[in-house]
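Quick notes on the structure that follows.
Residue numbers (the working numbering), protein chains in the order written: chain A, 1 to 233; chain B, 234 to 352.
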């Protein structure tokens with residue numbers, strides 16, 4: 001299991017699954033991804049749920065099944081490069097009382113393969129440090145002119161000099177550690193009408209207060225619409 | 234004087250660009266740099282701003298936070314003054330007179346001193 005995932009699990013041990021908004025699994029690095037594998041992944045994540053819904057699994061009668069089918073289509077379109085499991089809606093249902101943490105760990109172990117550790121480690125460090133500030137609400141990452149750029153969205157509606165000192169203190173520490181990566185940071189207070197006009201298409205949501213996003217793949221394709229639309233909520 | 238201007242977005246932006254020019258002036262005295270735009274290494278694919286930020290980080294780490302504060306605030310001020318749909322609040326509401334005064338009298342002043350220009 002990648003170090004990044006170990007850190008994530010260690011940090012969110014007790015409320016692990018309930019905090020997740022999505023998991024990115026690098027399916028191509030572990031086994032060939034076939035349509036039938038969707039069922040295997042589903043079964044691995046929620047075996048009890050799978051057994052209950054077995055008879056209706058492919059009929060798409062319920063919201064969850066509909067989501068499963070959307071997810072299948074989504075993955076196929078991405079040519080097996082990335083698998084995203086949207087877990088929010090699932091957690092809100094009767095499945096929430098399952099011991100999902102074990103299932104998620106098993107799935108992560110089973111499906112994760114080599115990831116770009118350095119990039120992932122930087123993103124995790126960014127989240128780990130900035131989320132300690134209560135004013136930090138969202139963090140997006142994208143690649144801008146070969147540098148990884150982080151947009152830190154804060155809750156203040158007026159300029160806050162003390163907050164800026166704290167944010168820049170963290171930035172300085174990160175730049176000291178990740179000198180070769182040349183990370184760039186922008187701090188956006190809550191003075192916008194629509195976040196969609198600030199977040200560039202292709203950006204990756206790596207933190208949303210109240211959720212935990214697990215990073216397991218380097219591909220950003222296909223996440224943008226889902227993540228952007230969810231972040232606006 | 235700048236803090237007496239009625240247009241705070243201009244004051245914030247001018248303060249940042251003043252800081253930028255002071256830093257560039259300091260670079261001119263460093264033989265291996267001379268200017269951030271002419272010292273960009275061959276093959277550098279990142280932005281000029283990224284290169285300049287890196288030069289400041291390595292050569293004038295003591296003013297990194299002040300410079301970045303002015304840089305980020307200037308970015309916010311310019312977005313506010315452009316009246317774009319992304320940001321609808323006037324800059325007058327976002328920065329206070331005291332905020333702008335500190336940018337000039339505290340942050341810019343420190344940058345000037347640290348890079349060798351007495352205030």
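Ideal Cβ positions, reconstructed from N, Cα and C, are used throughout, including at glycine. Please read these numbers as outputs of a predicted model, since none were measured by experiment.
Any chain A beta carbon closer than 7 Å to residue 343 of chain B: no
Alpha-carbon to alpha-carbon, residue 252 of chain B and residue 345 of chain B: Our two residues, residue 345 of chain B and residue 252 of chain B, have alpha carbons roughly 7 Å apart in a direct line.
Cβ of residue 236 of chain A within 7 Å of any chain B Cβ: A query on residue 236 of chain A cannot be resolved here, the shown segment of chain A reaching from 1 to 233 and no further.
Whole runs of the alpha helix (DSSP H) within the segment 272 to 337 of chain B, excluding any shorter than 4 residues: Qualifying alpha helix (DSSP H) stretches, in chain order: 281 to 292, 297 to 315, 324 to 327 and 330 to 335.
Beta bridge counterpart(s) of residue 147 of chain A as assigned by DSSP: A/144
Beta-carbon proximity of residue 190 of chain A to residue 327 of chain B, cut-off 7 Å: Their beta carbons are not under 7 Å apart, which means residue 190 of chain A does not touch residue 327 of chain B by this criterion.
Buried versus exposed call for residue 175 of chain A [16 or more other C-beta atoms within 10 Å across all chains shown]: buried
Beta carbon proximity, residue 232 of chain A to chain B, threshold 7 Å: Residue placement at residue 232 of chain A is flagged as unreliable, the pLDDT there being 29, under the threshold of 50; a coordinate-derived value is accordingly withheld.
7 Å Cβ cutoff, residue 292 of chain B in contact with chain A: Judged by the 7 Å Cβ criterion, residue 292 of chain B is not in contact with chain A.
Residue 240 of chain B versus residue 325 of chain B - alpha carbon distance: Taking C-alpha positions only, residue 240 of chain B is separated from residue 325 of chain B by approximately 8 Å.
Closer than 7 Å to chain B by CB, residue 147 of chain A: Yes - at least one Cβ of chain B is within 7 Å of the one on residue 147 of chain A.
Residue from A/125, A/145, A/198 and A/143 whose Cα sits closest to the Cα of residue 187 of chain A: That would be A/198, whose Cα lies nearest to the Cα of residue 187 of chain A.
Min CB distance residue 178 of chain A to chain B below 7 Å: Not one chain B Cβ lies under 7 Å of residue 178 of chain A.
CB contact below 7 Å: residue 249 of chain B versus chain A: no
First and last residue of the uninterrupted beta strand (DSSP E) at residue 195 of chain A: Premise fails: residue 195 of chain A is in no beta strand (DSSP E) and is neither H nor E.
Proximal residues of chain B, C-beta to C-beta of residue 171 of chain A below 9 Å: 297, 298 and 301
Minimum Cβ-Cβ distance from residue 207 of chain A to chain B less than 7 Å: no
Any chain B beta carbon closer than 7 Å to residue 158 of chain A: It does; some Cβ of chain B falls within 7 Å.
Residues that residue 279 of chain B contacts on chain A, provided the C-beta gap is smaller than 8 Å: 145, 146, 147 and 182
Chain A within 7 Å of residue 332 of chain B, Cβ atoms only: yes
Test item: CB-CB of residue 206 of chain A and residue 123 of chain A under 7 Å: yes
Residue 185 of chain A - containing beta strand (DSSP E), residue span: 184 to 188
Residue 343 of chain B in three-state terms, based on DSSP: helix
Min CB distance residue 260 of chain B to chain A below 7 Å: It does not: the Cβ of residue 260 of chain B has no partner Cβ on chain A nearer than 7 Å.
Opposing strand residues paired with residue 208 of chain A [DSSP bridges]: A/138
Residue 154 of chain A, DSSP secondary structure in three states: In the structure shown, the three-state DSSP call for residue 154 of chain A is strand.
Expected contact under 8 Å - CB spacing of residue 129 of chain A and residue 170 of chain A to nearest Å: About 5 Å; that satisfies the 8 Å criterion.
Cβ pair residue 138 of chain A, residue 204 of chain A closer than 7 Å: no
Sequence-distant residues of the same chain with beta carbon closer than 8 Å to residue 307 of chain B, five excluded per side: 245, 246, 248, 249 and 250
Rounded C-alpha distance that separates residue 145 of chain A from residue 284 of chain B: Computed Cα separation, rounded: 11 Å.
Proximity test, Cβ basis, 7 Å: residue 283 of chain B and chain A: yes
Which of helix, strand or coil DSSP assigns to residue 351 of chain B: coil
Min CB distance residue 187 of chain A to chain B below 7 Å: yes
is_contact[residue 175 of chain A, chain B] using C-beta, thresh 7 Å: yes
Residue 58 of chain A to residue 143 of chain A span [Cα, whole Å]: For residue 58 of chain A, the predicted structure reports a pLDDT of 31, less than 50, and the residue's modelled location is therefore unreliable. A value from the coordinates is still provided. The straight-line gap from Cα to Cα measures roughly 38 Å.
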